[in-house]
Amino acid sequence: MAAKASVHRLFVVGGTGFVGQAVCHSALARGWEVVSLSRHGAPERSTIAPGSSAPKGVQWVRGDALKPETYQQHLSGCTAVVHSVGVLMENNYKKLVSIGSSGATSSQETATYERANRDTALSVARAAREISGIDAFAYLSASDVLPFLDSRYISTKREAENELIEHCNQMRPIILRPGFIFSPSRPITIPIAAGVKAFNAVFHQTPLGCVLKHTPFAKAASPALRREVLANAIINAIEDPKVSGILNIADIERLGSSR
647 MAAKASVHRL FVVGGTGFVG QAVCHSALAR GWEVVSLSRH GAPERSTIAP GSSAPKGVQW
707 VRGDALKPET YQQHLSGCTA VVHSVGVLME NNYKKLVSIG SSGATSSQET ATYERANRDT
767 ALSVARAARE ISGIDAFAYL SASDVLPFLD SRYISTKREA ENELIEHCNQ MRPIILRPGF
827 IFSPSRPITI PIAAGVKAFN AVFHQTPLGC VLKHTPFAKA ASPALRREVL ANAIINAIED
887 PKVSGILNIA DIERLGSSR
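If you count by my numbering, then the sequence shown holds residues 647 to 905, one letter each, in order.
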């Protein structure tokens with residue numbers, strides 16, 4: 647008798663975050679087992695959208711992505727990993743408001759592009775490569791669509807991408823490059839997404855677009871992605887062994903529109 651296929655078990659780095667929670671929901675809806683790693687373990691109330699609830703059935707693990715000893719045991723038995731954390735702006739304001747009377751914060755509290763966007767991903771990937779049975783590593787990267795943003799935001803993500811691709815013979819890299827991500831669960835993103843859509847219309851359908859093509863704003867002419875579409879694309883990509891490498895916005899839309 648043929649051996650029964652093993653159950654998908656997903657390890658989500660940042661499962662309490664904006665995208666991470668959607669990934670957890672999508673995986674659970676497929677009947678997958680899900681483990682989430684974050685600094686706080688279970689989601690804090692402030693991270694859950696009004697009227698919604700945290701994903702039910704997730705094993706919440708409290709740990710540090712830069713310290714494999716805090717989570718390596720939980721990688722055992724997993725079949726795929728999703729890295730969904732990162733920072734858009736350095737020195738997260740949430741950390742700054744908690745600085746003590748000394749006016750200084752430790753380096754452990756400083757969210758840099760190198761630490762958050764690159765080092766956390768590579769630390770987990772290196773640990774995952776040591777675990778038998780982990781087939782795929784999905785990395786939430788980004789398209790270069792934001793003019794005037796520090797170039798290190800993209801360069802650190804590309805550095806992480808490069809190492810993941812270098813080790814493709816050990817673990818299938820799935821690198822997603824979305825643009826702006828929105829969801830009704832985060833109302834502030836809806837008018838921004840509408841603005842992105844309007845800018846795209848101006849850029850592609852009016853004479854002004856010919857002028858904008860020669861400015862730094864040209865890179866912003868990319869469609870916004872609904873969070874749930876992105877999460878669905880991640881799960882579909884993991885399920886399909888033929889999917890590997892870099893997925894741009896059009897690829898994500900295509901993958902996320904099925905099932």
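Cβ atoms here follow ideal geometry from the backbone N, Cα and C, with glycine treated the same way.
Predicted, not measured: the structure shown is a model, and the values here were computed from it.
Check: Limits of the alpha helix (DSSP H) - the one that Glu885 falls within; Outcome: Arg873 to Glu885
Check: Coarse secondary structure for Ala762, derived from DSSP in three states; Outcome: helix
Check: For Met817, the nearest candidate out of Ser789, Val728 and Gly902 (CA to CA); Outcome: Val728
Check: Bridge partners - Gly708, DSSP secondary structure assignment; Outcome: Reading off the sequence shown, one finds Arg at residue 708, where the question assumed Gly. DSSP, once it has assigned bridges, lists Ser684 as partnering Arg708.
Check: For Tyr785 and Ile914, the rounded distance between their alpha carbons; Outcome: Residue 914 is absent from the structure shown; the chain starts at 647 and stops at 905.
Check: Alpha-carbon to alpha-carbon, Arg823 and Ser682; Outcome: 22 angstroms
Check: Cβ distance (whole Å) where Arg708 is taken to contact Gly687 below 8 angstroms; Outcome: 3 angstroms
Check: Lys803, buried or exposed, once every other Cβ within 10 Å from all chains shown has been counted against 16; Outcome: buried
Check: For Arg772, the residue or residues it bridges with in DSSP; Outcome: Looking at the DSSP assignment, Arg772 forms no beta bridge with any residue, so it has no partner.
Check: Rounded straight-line distance, which links the Cα of Val791 to that of Val658; Outcome: 25 angstroms
Check: Same chain, Cβ closer than 6 angstroms to Asn763, five either side skipped, listed in chain order; Outcome: Gly732, Thr802 and Lys803
Check: Reference Ala847; option with closest CA among Ala774, Glu805 and Ser868; Outcome: Ser868
Check: Ile821, enclosing beta strand (DSSP E) - first and last residue; Outcome: Arg818 to Leu822
Check: Rounded straight-line distance, which links the Cα of Asn894 to that of Val669; Outcome: 18 angstroms
Check: Reference Ser904, options Pro853, Ile827, Ala883 and Pro701, closest by Cα; Outcome: Ala883
Check: Which of helix, strand or coil DSSP assigns to Phe794; Outcome: coil
Check: Whole-number beta carbon distance between Leu768 and Ala806, since they are thought to touch under 8 angstroms; Outcome: 6 angstroms
Check: Between the CA atoms of Trp678 and His850 - distance to the nearest angstrom; Outcome: 41 angstroms
Check: Between the CA atoms of Pro714 and Phe783 - distance to the nearest angstrom; Outcome: 16 angstroms
Check: C-alpha distance - Tyr717 paired with Lys859, whole-angstrom precision; Outcome: 46 angstroms
Check: Other residues of its chain near Ile836: CB distance less than 7 angstroms, five sequence neighbours each side excluded; Outcome: Phe828 and Pro830
Check: Straight-line gap, Ile881 to Gln705 (C-alpha atoms, nearest Å); Outcome: 18 angstroms
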